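Student: What follows is a structure written as structure tokens; I'll ask about it next.
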């Protein structure tokens with residue numbers, strides 16, 4: 001069975017009350033990923049569809065459609081969110097990291113995301129003054145928003161909202177924090193999920209990026225030509241969390257119960273919508289936890305990670321909505337994709353959730369069609385006739401609408417450049433393959449029927465390195481300088497982190513990677529100067545100490561080599577004919593073993609891998625004189641000993657020498673051995689061409705959007721969300737609107753996710769359209785059954801959608817049994 005991993009990176013926009021719609025979407029990502037892990041662990045369930053199947057169980061049957069030809073695994077490994085998207089991203093990441101339920105989060109939105117529960121109570125004399133002029137306010141608001149206030153509940157709650165406190169944020173931040181704490185603490189694994197402690201595949205990681213706006217900003221220094229240094233204020237703050245499933249099954253996570261206060265602080269800060277919520281502060285979090293009788297176990301560590309050791313203490317930071325500076329956080333996702341491991345072929349997609357796509361355009365069209373609606377008469381609102389906007393509209397658009405609706409063209413162009421580079425690297429590798437295989441073939445012994453010994457493999461690998469470097473001529477010097485620069489940068493970052501961590505325990509200061517890099521560059525220049533003057537050991541054109549530096553500290557070269565071998569193995573597996581004897585289990589074991597080595601190597605860049613002695617050495621390098629080459633050399637030698645790369649090289653040679661020859665048919669051995677032994681040839685031609693992809697997945701990135709305006713299997717024209725009313729605050733004023741948007745979030749995501757999975761599998765297996773339509777219908781019905789009894793505000797919402805599913809999908813589902821009249825009747829009665 002061939003294997004593909006559909007790898008999803010999520011970008012969640014801001015959307016105010018459309019957070020409810022986004023929550024429905026994130027639930028489906030969780031359900032599909034959970035179904036994928038359960039299918040991998042236990043296989044598909046037997047039998048036809050059952051009436052009480054959960055959506056997760058139906059997703060399992062959906063993924064089983066691709067078997068036995070294809071094993072399709074679905075993974076979410078990167079999440080970035082701002083504002084409402086940040087809140088949903090936090091909860092989804094915690095659920096994925098530890099296989100937890102999002103039910104408490106659903107209740108948070110449906111029950112508590114209501115203006116009457118969010119609002120602070122009016123106090124003092126203003127309460128009576130506002131009550132006396134409420135009819136006037138009601139009349140003015142009704143004129144301005146006539147088209148959006150036909151619903152009695154909305155009108156009533158808007159009237160109450162207008163009587164809330166004036167000139168202060170109407171919503172209670174502390175109450176909101178308490179609800180989110182309850183929702184996060186209430187996330188528990190169901191009995192059926194307990195067998196899988198995490199939804200992160202072994203050897204992989206999950207990264208979360210939450211965008212926050214630092215109101216006063218942090219001062220940053222930048223080196224320029226003249227003056228030598230300038231200061232700028234940085235208002236964008238990205239809070240980062242991660243979890244990883246180690247090769248031994250251990251889960252290392254920032255999403256544990258002890259980190260709940262950290263996560264909720266981030267969720268509250270990113271959604272502190274200006275004017276609606278007060279800004280977020282550390283003090284607010286402290287007060288809420290104190291009132292609840294709870295602690296913040298890792299407070300100091302979190303504040304240090306989030307804010308560093310700047311002149312402004314964390315307690316003085318003022319944080320507001322992340323959408324002010326980055327409403328569409330693509331950049332951290334694109335950067336995080338690089339360098340991610342995979343034990344199978346990867347199909348990479350970035351999925352961005354835009355709950356307000358084309359909303360402004362539709363409003364303009366509606367106003368143009370109905371200029372007497374009352375909105376067109378207000379100077380500070382839209383002018384369909386093209387006249388200049390009014391005073392207040394210019395201010396509002398400048399502060400809110402324009403920044404939040406800036407296009408994502410730059411991000412899309414960056415992805416296209418990335419994809420172009422991936423294709424270019426593939427072409428370069430394909431052109432080099434015949435030459436490399438010929439060179440490696442001349443190094444290997446003719447008899448490939450028996451495994452090579454470890455000394456043989458090591459000798460051949462080193463000989464191939466020498467030939468590659470010799471054959472490169474003068475181009476080798478540029479390649480080596482490029483590789484050396486990369487190692488210096490990585491080692492400098494590691495040493496700076498180690499020194500800073502050490503400083504945190506003894507009250508020192510933050511160490512800049514730039515300072516460490518300058519010292520290492522001084523050390524390199526010193527040895528190059530020695531070589532040029534005829535002193536010191538020299539091997540070819542490169543001084544011996546610098547060769548030792550690369551051999552002892554170049555982790556990334558070894559990672560690139562192993563990933564290249566695994567990519568080659570995936571390609572050989574895909575291209576192998578039916579007549580060739582392939583044993584998938586053994587090939588998977590080989591890949592798994594190689595990725596264990598990748599995991600071991602990757603740990604060398606983690607601060608947690610090193611002890612206090614190495615941290616002390618890093619602090620010594622940071623504190624020494626910039627030209628103290630003796631101390632710098634001692635610290636680099638000590639770091640190389642701690643890394644122990646020579647031992648890892650021997651382990652990897654040992655595993656490869658046995659498994660590659662034992663598990664692969666003879667025709668596949670030479671190409672794979674050439675990829676491992678002859679990687680130096682490939683690295684010479686690919687690293688200079690495409691350094692930024694040197695440690696990446698090497699997969700093209702496809703981009704998908706989930707938005708209410710996109711076609712849906714049930715609504716080809718798209719869905720109109722209720723929460724778009726009242727400038728995207730509408731769902732806060734109406735429970736029926738929240739239920740409507742939440743349910744359509746689930747249905748929309750289910751539809752799009754099944755389409756993405758089917759397209760990922762299409763090059764290998766084509767699913768029968770009737771079978772696909774039947775299981776799509778069953779997923780929709782399972783979602784509706786799950787929400788029946790929970791969505792109580794609109795008695796017709798679920799039954800009407802059941803009818804719509806039958807009307808739109810029953811014909812395409814072929815022999816699939818329709819929902820019974822009794823089922824529809826029972827849903828109607830329970831609603």
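In the numbering used here, the protein residues as written are 1 to 831.
Every residue gets a Cβ at the ideal spot worked out from N, C-alpha and C, and that includes glycine.
In this text, all values refer to a predicted model and were calculated from it rather than measured experimentally.
(1) Measure the alpha-carbon distance for residue 273 versus residue 92 and round it to whole angstroms.
(2) Pick helix, strand or coil for residue 765, following the three-state DSSP scheme.
(3) From this set, 17, 734, 70, which residue's C-alpha is nearest residue 5's C-alpha?
(4) Run the CB neighbour count on residue 313, radius 10 Å, all protein chains shown included, and call it buried at 16 or more, exposed below.
(5) With respect to the beta strand (DSSP E) encompassing residue 346, which residues constitute its N-terminal and C-terminal limits?
(6) Taking the alpha carbon of residue 413 as the reference point, which residue from 331, 493, 73 has its own alpha carbon closest?
(7) Let me make sure I understand the geometry here. Which of 643, 734, 776 has the alpha-carbon closest to that of residue 712?
(8) Check whether the Cβ of residue 476 sits closer than 7 Å to any heavy atom of the ligand ADP, and report yes or no.
(9) Which class does residue 886 belong to by DSSP, given the choice of helix, strand or coil?
(10) According to the neighbour-count rule (16 or more other Cβ atoms, all chains shown, within 10 Å of its Cβ), is residue 462 buried or exposed?
(11) I'd like to know whether the C-beta atoms of residue 782 and residue 28 end up nearer to each other than 8 Å.
(12) Going by CA-CA distance only, name the one from 603, 249, 207, 629 that's closest to residue 644.
(13) Rounded to the nearest angstrom, how far is the Cβ of residue 287 from that of residue 174, given a contact under 8 Å?
(14) Let me know if residue 722 comes out buried or exposed under the rule of 16 or more other beta-carbons within 10 Å of its beta-carbon.
(15) Report buried or exposed for residue 222, applying the criterion of at least 16 other Cβ atoms within 10 angstroms of its Cβ.
(16) Compare the beta carbon distance of residue 355 and residue 211 with 8 Å and say whether it is the shorter of the two.
(17) Please report the straight-line C-alpha distance between residue 116 and residue 20, rounded to a whole angstrom.
(18) Measure how close the beta-carbons of residue 279 and residue 319 come, nearest whole angstrom, since I'm counting them as under 8 Å.
(19) Report the option in 2, 17, 12, 7 whose CA atom is closest to the CA atom of residue 840.
(20) Give the straight-line distance between the Cα atoms of residue 455 and residue 586, rounded to the nearest whole angstrom.
(21) Assuming contact is defined by CB atoms lying nearer than 8 Å, are residue 688 and residue 482 in contact in what I supplied?
(22) Going by CA-CA distance only, name the one from 729, 26, 242 that's closest to residue 97.
(23) State yes or no: is the C-beta of residue 436 within less than 8 Å of the C-beta of residue 681?
(24) So, is residue 352 buried or exposed, given that buried needs 16 or more other C-beta atoms within 10 angstroms?
(25) What is the residue span of the alpha helix (DSSP H) that residue 117 lies within?
(26) Taking Cβ to Cβ, would you say residue 640 is nearer than 8 Å to residue 702?
(27) For residue 466, count the other beta carbons within 10 Å of its own beta carbon; 16 or more makes it buried, fewer makes it exposed. Which is it?
(28) Just to confirm, are residue 208 and residue 200 a CB contact at a threshold of 8 Å?
(29) Between the alpha carbons of residue 677 and residue 741, how many angstroms are there, rounded?
(30) Roughly how many angstroms separate the alpha carbons of residue 361 and residue 709, rounded to a whole number?
(31) Taking all protein chains shown into account, decide if residue 545 is buried (16 or more other Cβ within 10 angstroms of its Cβ) or exposed.
(32) List, from N- to C-terminal side, the beta strand (DSSP E) runs of 3 residues or more that fit wholly inside the segment 250 to 280.
(33) So residue 79 packs on residue 30, CB below 8 Å; how close in whole Å?
(34) Among 56, 518, 327, 511, which one has its Cα closest to the Cα of residue 489?
(35) Among the residues of its own chain, which have a CB less than 6 Å from the CB of residue 357, if the five just before and after it don't count?
(36) Give me the residue from 303, 250, 224 with the minimum Cα distance to residue 240.
Tutor: According to the data block:
(1) Taking the first residue of the chain shown as 1, we reach residue 273 at position 273. Taking the first residue of the chain shown as 1, we reach residue 92 at position 92. In a straight line, the C-alpha of residue 273 is about 21 Å away from that of residue 92.
(2) Taking the first residue of the chain shown as position 1, residue 765 is located at position 765. It is coil, neither helix nor strand.
(3) As a first step, residue 5 must be located in the chain shown, where it is residue number 5. Nearest option by C-alpha distance: 70.
(4) As a position in the chain shown, residue 313 is number 313, starting the count at 1. The residue in question, residue 313, is exposed, as its Cβ has fewer than 16 Cβ neighbours within 10 Å.
(5) Start at 1 with the first residue of the chain shown, and residue 346 comes out as number 346. That run of the beta strand (DSSP E) goes 345 to 353.
(6) Taking the first residue of the chain shown as position 1, residue 413 is located at position 413. That would be 331, whose Cα lies nearest to the Cα of residue 413.
(7) Taking the first residue of the chain shown as 1, we reach residue 712 at position 712. The candidate whose alpha carbon is nearest that of residue 712 is 776.
(8) Within the structure as shown, the ligand ADP is missing, as the structure has no ligands at all.
(9) Given a span of 1 to 831 for the chain in the structure shown, any question on residue 886 remains unanswerable.
(10) Against the chain shown, residue 462 aligns to sequence position 462. Exposed: under 16 other Cβ atoms inside 10 Å.
(11) Here the question's residue 782 lines up with position 782 in the chain shown. Here the question's residue 28 lines up with position 28 in the chain shown. No, the Cβ-Cβ distance between residue 782 and residue 28 is not below 8 Å.
(12) If you number the chain shown from 1, residue 644 lands on position 644. If we check each option's Cα against that of residue 644, 603 comes out closest.
(13) As a working note, residue 287 is residue 287 in the chain shown. As a working note, residue 174 is residue 174 in the chain shown. The pair is a contact, with the Cβ atoms about 7 Å apart (cut-off 8 Å).
(14) In the chain shown, residue 722 corresponds to position 722, counting from 1. Classification for residue 722: buried.
(15) Locating residue 222 in the chain shown gives position 222, where the first residue counts as 1. Exposed, because fewer than 16 other Cβ atoms sit within 10 Å of the Cβ of residue 222.
(16) Counting from one through the chain shown, the residue named residue 355 turns up at place 355. Counting from one through the chain shown, the residue named residue 211 turns up at place 211. The answer is no: Cβ separation not under 8 Å.
(17) In the chain shown, residue 116 corresponds to position 116, counting from 1. In the chain shown, residue 20 corresponds to position 20, counting from 1. If I take the Cα positions, the gap works out to 17 Å.
(18) The residue labelled residue 279 in the question sits at position 279 within the chain shown. The residue labelled residue 319 in the question sits at position 319 within the chain shown. That belief holds up - the Cβ atoms of residue 279 and residue 319 are roughly 6 Å apart, short of 8 Å.
(19) With the chain covering only 1 through 831, there is no way to say anything about residue 840.
(20) For the purposes of this step, residue 455 is identified with residue 455 of the chain shown, where counting begins at 1. For the purposes of this step, residue 586 is identified with residue 586 of the chain shown, where counting begins at 1. Whole-angstrom Cα-Cα distance: 24 Å.
(21) Here residue 688 is taken as the residue at index 688 of the chain shown, counted from 1. Here residue 482 is taken as the residue at index 482 of the chain shown, counted from 1. Their beta carbons are under 8 Å apart, which means residue 688 touches residue 482 by this criterion.
(22) Numbered from its first residue, the chain shown carries residue 97 at position 97. The candidate whose alpha carbon is nearest that of residue 97 is 242.
(23) What you label residue 436 is simply residue 436 of the chain shown in a count that begins at 1. What you label residue 681 is simply residue 681 of the chain shown in a count that begins at 1. Going by C-beta atoms, residue 436 is nearer than 8 Å to residue 681.
(24) Taking the first residue of the chain shown as position 1, residue 352 is located at position 352. Flag for residue 352 reads buried.
(25) One-based indexing of the chain shown puts residue 117 at position 117. Taken as a continuous stretch (DSSP letters only), the alpha helix (DSSP H) holding residue 117 covers 115 to 118.
(26) Looking up residue 640 in the chain shown gives position 640. Looking up residue 702 in the chain shown gives position 702. Contact flag unset, no.
(27) Numbered from 1 along the chain shown, position 466 holds the residue referred to as residue 466. Its Cβ having fewer than 16 others within 10 Å, residue 466 is exposed.
(28) As a working mapping, residue 208 is identified with position 208 in the chain shown. As a working mapping, residue 200 is identified with position 200 in the chain shown. For residue 208 and residue 200, no; Cβs fall outside 8 Å.
(29) Against the chain shown, residue 677 aligns to sequence position 677. Against the chain shown, residue 741 aligns to sequence position 741. One C-alpha to the other measures close to 56 Å.
(30) As a working note, residue 361 is residue 361 in the chain shown. As a working note, residue 709 is residue 709 in the chain shown. The predicted model places residue 361 with a pLDDT of 43, which falls under 50 and marks its position as unreliable; any figure quoted below should be read in that light. Distance between the alpha carbons of residue 361 and residue 709 is about 11 Å.
(31) Counting from one through the chain shown, the residue named residue 545 turns up at place 545. Buried.
(32) 251 to 253
(33) Position 79 of the chain shown, counting from 1, holds the residue named residue 79. Position 30 of the chain shown, counting from 1, holds the residue named residue 30. Incorrect: roughly 11 Å between the Cβ atoms, too far for contact.
(34) Within the chain shown, the letter at position 489 stands for residue 489. Answer by Cα proximity: 518.
(35) Numbered from 1 along the chain shown, position 357 holds the residue referred to as residue 357. Excluding positions up to five away in sequence, the list reads 707, 709.
(36) Mapped onto the chain shown, residue 240 falls at position 240. The option with the nearest alpha carbon to residue 240 is 303.
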